[in-house]
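Remarks on the structure that follows.
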Ligand SMILES: Nc1nc2c(ncn2[C@@H]2O[C@H](COP(=O)(O)OP(=O)(O)OP(=O)(O)O)[C@@H](O)[C@H]2O)c(=O)[nH]1
Ligand SMILES: [Mg+2]
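Residue numbers (the numbering used here): 351 to 699.
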């Protein structure tokens, strides 16, 4: 009897176990599915944004601090009168370090050797440098009656064309001028976005087209807009791909023709150069000068370089005036080039 009960109990236990196992199987959590592939994230090219706040504006001398530092050794020279070879060697080294360039440095050192330094080396050098920066640098901003004045900006990529246009638009609208910006850099959409940000900030109208559109037609449309609104100046951005690409230079010639056709009149063509590239900027400039009738240089990023002497080389070797200099990324960090202030920043005690 006991055996029969034991068998029945065992059967019940085995049956219960079988049911539990079966249930577990049914409820087994299915293995996790492989995660679906994430959609590709499209990160658009970052757009350099206008710097909105200018803190207390540093002086030009502070902005040119790195370039001034190179001239420390000249300012420290106590010699007066006739100059020894050792002293002239120091001057030569300093000028070369500040990227004045070999040709111009040789000419300056020869002049110093001949005339000496009755009031000290720094003063003599200051006078020579100041004397070499004697070009007319007035900026034309009026067109003939019934035409829209156009400023065209050319230069390789990254030199600061768009930022310069934004800064100048800020300056012009603050003077009460009505300004239209043409996003003639249709090479990448981000370029027009960047210009649009500046336009919004400056209170200037921006005419843009889709990426890849014909830059000439953007300029043409912008001229139409400027004329119909009675705007008095159009600032035209252009693409800055490789300077040695004939396509780019051809494109610039075409853009210029369109910009100069009625109702437009190109009154300034600014070649924008990046001071941090030193002597390379000169080589770039020569290629552009051959293609575009450049009327002035905008030299950017003077705040971030010890190569401030490039200003002297540009004016002497290219024979084109530097009309504006960029001394920071903010809206007000572009100033008309002032030779006295510049030379004093480097050499005044
Ligand atoms: N420190 C300093 N930075 C500057 C100055 N001017 C321009 N930049 C910076 O240089 C970078 C390039 O400026 P952009 O205006 O985009 O140059 P771009 O010539 O339009 O370049 P592309 O559109 O690529 O042809 C940005 O980060 C600017 O903020 C300047 O005077 N000082
Ligand atoms: Mg640009």
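Each residue gets a CB set at the ideal place from its N, CA and C atoms; glycine is no exception. Note that the structure is a prediction, hence the values are computed from the model and not measured.
For residue i, which of helix, strand or coil comes out of DSSP?
i	result
residue 518	helix
residue 645	coil
residue 670	coil
residue 602	helix
residue 568	helix
residue 610	coil
residue 408	coil
residue 421	coil
residue 487	coil
residue 503	strand
residue 638	helix
residue 619	strand
residue 393	Unreliable placement is indicated for residue 393, whose pLDDT of 46 sits below 50; the coordinate value is still reported in the next sentence. Residue 393 falls in the coil class under three-state DSSP.
residue 574	helix
residue 455	helix
residue 690	helix
residue 675	strand
residue 435	helix
residue 663	helix
residue 584	strand
residue 653	helix
residue 556	strand
residue 532	strand
residue 427	coil
residue 696	helix
residue 498	strand
residue 371	Low confidence applies to residue 371: its pLDDT is 48, below 50, so where it sits in the model is not reliable enough to give any reading.
residue 625	helix
residue 739	This structure does not reach residue 739, given that the chain is present from 351 up to 699, and the question cannot be answered.
Less than 8 angstroms separating the Cβ of residue i from some heavy atom of ligand 1?
i	result
residue 338	The structure shown does not extend to residue 338, since the chain spans only 351 to 699, so no value can be given for it.
residue 554	no
residue 500	no
residue 661	no
residue 683	yes
residue 653	yes
residue 508	yes
residue 688	no
residue 451	no
residue 677	yes
residue 622	yes
residue 590	yes
residue 496	no
residue 628	no
residue 650	yes
residue 549	no
residue 505	yes
Below 8 angstroms, is the gap between the Cβ of residue i and the nearest heavy atom of ligand 2?
i	result
residue 544	yes
residue 600	no
residue 587	yes
residue 333	The requested residue 333 does not occur in the structure, where the chain is confined to residues 351 to 699.
residue 562	no
residue 519	no
residue 511	yes
residue 432	no
residue 532	no
residue 541	yes
Assuming residue i and residue j make a contact with CB atoms under 8 angstroms, what is their CB distance in whole Å?
i	j	result
residue 677	residue 653	5 angstroms
residue 493	residue 530	That pair is no contact at about 13 angstroms.
residue 668	residue 632	7 angstroms
residue 532	residue 572	3 angstroms
residue 335	residue 514	Absent from the model: residue 335. The displayed extent of the chain is 351 to 699, so no value can be given.
residue 440	residue 424	7 angstroms
residue 547	residue 693	Actually they do not touch by this definition, with Cβ atoms about 35 angstroms apart.
residue 462	residue 438	6 angstroms
residue 556	residue 562	At roughly 18 angstroms, the Cβ-Cβ gap does not stay under 8 angstroms, so residue 556 and residue 562 are not in contact.
residue 476	residue 697	4 angstroms
Should residue i be listed as close to ligand 3, given that the test is whether its C-beta is under 8 angstroms from any heavy atom?
i	result
residue 535	With respect to ligand 3, the structure shown offers nothing to examine, as its ligands consist of ligand 1 and ligand 2.
Assess contact between the region 481 to 499 and the region 539 to 551, defined as three or more Cβ pairs (one per stretch) separated by less than 8 angstroms. Is contact present?
no
Should the region 500 to 510 be called in touch with the region 685 to 696, which here means at least 3 C-beta pairs below 8 angstroms?
no
Spell out a yes or no on whether the region 671 to 682 and the region 644 to 658 are touching, meaning 3 or more CB-CB pairs, one atom from each, closer than 8 angstroms.
yes
Using 8 angstroms as the cut-off, can you tell me whether the region 603 to 616 makes contact with the region 470 to 480, which would need three or more C-beta pairs spanning the two stretches below that distance?
no
Is the region 449 to 467 in contact with the region 654 to 661, if contact means three or more CB pairs nearer than 8 angstroms?
yes
I'd like to know if the region 484 to 491 and the region 557 to 566 are in contact, where contact means that at least 3 CB-CB pairs between them fall below 8 angstroms.
no
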